[in-house]
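Accompanying notes for the structure given below.
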Amino acid sequence: MGKFDAVIIGAGAAGMFCAAMAGQAGSRVLLIDNGKKPGRKILMSGGGRCNFTNLYIEPAAYLSQNPHFCKSALARYTQWDFIDMVSKHGIAWHEKTLGQLFCDDSAQQIVDMLVAECEKGQVITRLRSEVLGIERDENGYAIQLNGDTVQAAKLVIATGGLSMPGLGATPFGYKIAEQFGLKVLPTRAGLVPFTLHKPLLEQLQVLSGVSVPSVITAENGVSFRESLLFTHRGLSGPAVLQLSSYWQPGEFVSVNLLPDTDLDELLNEQRNAHPNQSLKNTLGMVLPKRLVECLQQLGQIPDVTLKQLNTRQQSELTDTLQNWRVQPNGTEGYRTAEVTLGGVDTKELSSRTMEARNVPGLYFIGEVMDVSGWLGGYNFQWAWSSAWACAQDLAGE
């Protein structure tokens, strides 16, 4: 039976980083994963380029029932610390929009970096290892694997949430939390596209692939200004993914399809200059033509010239385009969600070490707990920060 200072279950972003940091600080670490290779979700992220952090990390960008929980870890291991590590490994990166940082080349570079850091910390990694059971006694934890049993003074759960089951996501982490008496908050898909009810979906399907700048607002007042993408299943794009984490079933969302345009001013100017120009062609100056044609077929845009457009029609048009109210049917669920909302209740954990308050030596890091960030590198930074905080405690620093 192998004996270790710490066993970490889950070789994703949080698990690999925690193993590397604890190993380099002198702990004897075993890293276990049920998959064939480490960092599967990292490889898929950011279109294969891994949006590994964000320049504008702040606690306000995280959802949790305990919004203060993330502050300590994010302050102690920051985006600048991780950027420094990426740069030391010679990985070229660029900022895309809104502070999002991506590898110039490939997400594989981040995985390779984490593997190299684990090797530097003499971490033993066992892939294709299924955990069949965990028991705790006065010596720590006995972890039964398919093959043998390993012993560890400390156990770290870094198994993620339920999003993207195709990449091996399971409720394993929640089951372990419940086994040891920790509360798990209800989970749901976050950062996920909306589906639409049948009549509207069928009407908008011709717009699949059309993207527009937008401001989209939830019923609770939270809003995001990014692009909206029409799909054959409903609505997606960064604005929708962001808002999905704040949306509750049955609620409406409000969409401004012309956030950069004073529509009244545009119509009045064009009417003075080109009174016989069609409304459709005028709107085609500021909106995709396919969208204008679709809305006209739906009766949302009158088939008139500018001089025929009356005051009431103009007012209704402004409301249609700048306060379009949509009631999503639901979301695409965990299959395409980038994150899982909810999870292990942070009230059960120390915000300084990630250790369970009432179960000595048991830790939870990354997505498995009730901390979820915005789209754009925020969830990776939570993985790095929570893992680092945990690793300091594992090594007794």
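With positions in the sequence shown counted from 1, the corresponding number in my numbering is that position plus 342. Backbone N, C-alpha and C define an ideal beta-carbon position, used for all residues, glycine too. Since the model is a prediction, treat every value here as computed from it, not as a measurement.
Alpha carbon to alpha carbon, what distance is there between residue j and residue i?
i	j	result
Ser-556	Leu-533	17 Å
Pro-535	Pro-528	20 Å
Gln-521	Asp-687	14 Å
Leu-397	Leu-443	7 Å
Ser-550	Leu-571	8 Å
Thr-420	Gln-723	8 Å
Leu-608	Leu-585	29 Å
Gly-463	Leu-456	11 Å
Gln-669	Ala-495	51 Å
Pro-401	Ser-714	10 Å
Ser-587	Ile-476	33 Å
Leu-663	Gln-612	18 Å
Val-473	Gly-641	58 Å
Leu-633	Ala-531	29 Å
Gln-366	Asp-712	28 Å
Lys-540	Gly-672	12 Å
Please list, in chain order, all residues of the same chain as residue i whose beta carbon is under 7 Å from its beta carbon, the five residues on each side excluded.
i	result
Arg-699	Glu-690, Leu-691 and Ser-692
Thr-559	Ser-565, Val-595 and Ser-596
Cys-732	Cys-360, Val-498, Thr-695, Met-696, Tyr-705 and Ile-707
Gln-655	Pro-644
Asn-408	Thr-688 and Lys-689
Asp-446	Ala-434, Trp-435 and His-436
Glu-674	Val-534, Pro-535, Thr-537 and Arg-575
Give every residue of the same chain whose Cβ lies closer than 8 Å to the Cβ of residue i, excluding the five residues on either side of it in the sequence, and list them in chain order.
i	result
Pro-507	Tyr-676 and Arg-677
Val-526	Tyr-516, Ala-519, Glu-520, Gly-684, Gly-685, Val-686 and Asp-687
Gln-493	Met-343, Gly-344, Lys-345, Phe-346, Asn-481, Gly-482, Tyr-483, Ala-484 and Ile-485
Asn-562	Tyr-588
Leu-648	Leu-609, Gln-612, Arg-613, His-616, Pro-617, Asn-618, Gln-619, Ser-620, Leu-621 and Thr-624
Which first and last residues belong to the alpha helix (DSSP H) in which residue i is found?
i	result
Glu-477	Counting along the chain, Glu-477 falls outside any alpha helix (DSSP H), though it belongs to the beta strand (DSSP E) covering 473-479.
Trp-726	720-736
Phe-359	355-366
Name the two residues that bound the continuous beta strand (DSSP E) containing residue i.
i	result
Lys-345	344-351
Leu-651	Per DSSP, Leu-651 belongs to no beta strand (DSSP E) and is neither H nor E.
Val-554	553-559
Cys-445	442-445
Arg-468	466-468
Gln-486	482-487
Going along the chain, which residues of its own chain have a beta-carbon closer than 6 Å to the beta-carbon of residue i, five neighbours each way excluded?
i	result
Phe-424	Thr-395 and Trp-726
Glu-568	Pro-580 and Ala-581
Alpha carbons only, please: which of the options is nearest the one belonging to residue i?
i	options	result
Gly-388	Cys-460, Val-634 and Gln-450	Gln-450
Leu-629	Ile-643, Asn-610 and Leu-600	Leu-600
Thr-439	Gln-734, Ser-728 and Leu-717	Leu-717
Ser-369	Ile-350, Arg-382, Val-634 and Ser-578	Ile-350
Gly-489	Ser-471, Arg-478, Asp-479 and Val-428	Ser-471
Val-554	Leu-577, Thr-537 and Leu-543	Leu-577
In the structure shown, what three-state DSSP assignment does residue i receive?
i	result
Arg-418	helix
Met-627	coil
Tyr-588	coil
Cys-392	coil
Lys-331	Within the shown structure, residues of the chain are numbered from 343 to 739, placing residue 331 beyond reach of any answer.
Phe-522	coil
Glu-593	coil
Phe-424	helix
Leu-621	helix
Met-455	helix
Met-711	strand
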